[in-house]
Amino acid sequence: MGALDLALPNGPPDSVEGWRAAAQALLSPPCCAFHRNMEISSRYAWLNAQHPTGFKWAGMAAIASHHARLVLFPFRLDADRNGYVDLPRSLSRRLLTGDANRMRQINNAIYDDIFWVHLAYLASGDGIQGLRRLLGPYREYAGLLSGFETIDRGAAVLSDERSSQEDRRDAADQVWAGNLALLEHEQRVVVQPLFESLSGMFARLISMGATTTFEVRGVRQQVRYFTSFSAYSLTRGLTAALRARSVPRITRFEDRWPWLEASVVPRFRRLDSDQALVTRTLGRVVEAGKRYGEMPCLIPPNYLGRGTLTE
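Under full-length UniProt numbering, the first residue of the sequence shown is numbered 1, with each subsequent residue one higher.
What follows is the structure in structure tokens.
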């Protein structure tokens, strides 16, 4: 039985609602924010491994979701010595967890909105046509469908051994353009409405802290792949900031998107060109998910503390 058969034990659904449910079924029952985040990160890495030629967004999403776990730290403040989390108590710390909870919602919303579309594309027996039938009636998915159509065209050329080098270069650009369309949908449609409800203080903090090295190891590699929203805003993005007469914030789409398009995605494309490196990087994301999966999570209803459970 293949990986896709294991992911869809009842076969491919025939509706958007069915696909959403299938994607949710790949996650464990309600659990703490840390565990859910690590599961989602691992699922994205799994997607990338199923179709590394086409699913570039999934690779970026795996690393971004893995990095987002740092923002969820307040949810672990009330973990006991056995590792169980008292979520109601954590949520009572509104100063700490209000914005962290919003980031948790963003992470979950991205998975709910986009993961299943990748799954449906993989499972379609007639390629992109199946996705067209599924998404065609939904105007809100027009951008995603267009992105997958572009990915599909590029991937088809790349899989054809008869393609010339020039055609393959153009096809690779198509694949990345399609994945960029998925990222824009994610940022504009899913992330932005939720970002707008973050507090001003938190928005400033994450603007200053928005950096990535794509989880690579070693100083030389980290320098090569490092990118920072603040550094970009003070250099390549400075002209736009002066024109707007406002301090750039990562919570504003018009400030965030140029950084993602001009700095983050090109660096990930460079990383993706080294298959061994990207495999190791995503492998670490999966291994971290496995480690967290073995740790305690939410307090069970019959938990007495001190490492004991009632009968």
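From the three backbone atoms N, C-alpha and C, an ideal C-beta is built for every residue, glycine too.
Among the options, whose alpha-carbon lies nearest the alpha-carbon of residue i?
i, options, result
"Ile40", "Ser230, Gly143, Ile106 and Gly11", "Ile106"
"Phe272", "Phe148, Arg291 and Val175", "Residue 272 is actually Asp in this sequence, not Phe. Closest by alpha carbon: Val175."
"Leu27", "Gly125, Tyr111, Gln129 and Arg104", "Tyr111"
What is the C-beta distance between residue i and residue j, in whole angstroms, given that I count them as a contact (C-beta under 8 Å)?
i, j, result
"Leu119", "Ala23", "6 Å"
"Thr227", "Thr211", "7 Å"
"Ala288", "His67", "No, Ala288 and His67 are not in contact; Cβ-Cβ is about 11 Å, not under 8 Å."
"residue 312", "Gln192", "The shown model of the chain, from 1 to 311, leaves out residue 312, and the question about it has no answer."
"Gly237", "Trp257", "Incorrect: roughly 11 Å between the Cβ atoms, too far for contact."
"Ser163", "Ala172", "In fact, because the Cβ distance is near 11 Å, the residues do not count as touching under 8 Å."
"Gly54", "Ile151", "5 Å"
Using three-state DSSP, classify residue i as helix, strand or coil.
i, result
"Leu95", "With a pLDDT of only 49 at Leu95, under 50, the local geometry of the prediction cannot be trusted, and no value is derived from it."
"Ser228", "strand"
"Thr211", "strand"
"Ile250", "coil"
"Tyr138", "coil"
"Ser146", "helix"
"Gly125", "coil"
"Glu287", "helix"
"Asn108", "helix"
"Gln24", "helix"
Are the Cβ atoms of residue i and residue j separated by less than 8 Å?
i, j, result
"Asn108", "Arg36", "yes"
"Glu215", "Thr281", "yes"
"Arg102", "Leu194", "yes"
"Gly178", "Gly154", "yes"
"Ala45", "Ala33", "no"
"Tyr232", "Thr213", "no"
"Arg249", "Ser207", "yes"
"Gln50", "Ala100", "no"
Could you check where the alpha helix (DSSP H) with residue i kicks off and where it finishes?
i, result
"Ala62", "Lys56 to Ala68"
"Asn37", "Ala33 to Gln50"
"Phe268", "Val265 to Asp272"
"Phe195", "Gln192 to Phe195"
"Arg168", "Gln165 to His185"
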